[in-house]
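A quick write-up on the structure given underneath.
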Amino acid sequence: MQKPITYSEREKTPAQRQELIDNARAWSVAQGAVPSARAEALYARYVAGELTLQDVTEELRRQDAPRVAAAAQVASGTSNTPTATPRRAEMQPEQDFLT
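Laid out in structure tokens, this is it:
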């Protein structure tokens with residue numbers, strides 16, 4: 001049996017939760033990040049009272065972890081995958097100061 005969810009005063013009702021999601025979505029879009037269909041589905045579950053914001057955050061991080069790790073490898077130039085894009089020459093330091 002799942003423990004009942006306790007929401008803060010500012011997220012007690014579905015309307016309050018929807019307003020929080022709308023504000024967060026607007027901020028994300030203003031930063032150039034449009035929420036995915038997966039994220040929108042999780043947001044809907046939060047508004048419906050099935051998840052907490054922490055649950056939404058953890059699920060998005062869990063689902064995105066492989067993509068984030070692959071992007072980090074590509075950015076660092078350590079990826080072994082054939083699709084890895086090498087760093088552009090103008091992004092390379094002139095001198096390797098770490099060796």
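Quick note: the sequence shown, position 74, residue 74 per the UniProt record's numbering, numbers continuous.
Every residue, glycine too, gets a C-beta built ideally from N, C-alpha and C.
Fair warning: this is a prediction, and the values are worked out from it, not measured in the lab.
Can you find at least 3 beta carbon pairs, one from the region 40 to 48 and one from the region 5 to 23, that sit closer than 8 Å? yes
Considering only residues of the same chain and omitting the five flanking positions on each side of Glu11, which have a CB-CB separation below 7 Å? Arg17, Leu20
Leaving out the 5 sequence neighbours to the left and right, which residues in its chain are closer than 7 Å to Ala39 when beta-carbon positions are compared? Leu60
Would you grab the beta carbon distance between Ile5 and Thr52 for me? Rounded to a whole angstrom, and I think it's under 8 Å. 6 Å
Does DSSP put Thr57 in a helix, a strand or coil? helix
Figure out for me which residue from Asp22, Val29, Gln63, Gly32 has the closest Cα to the Cα of Tyr43. Asp22
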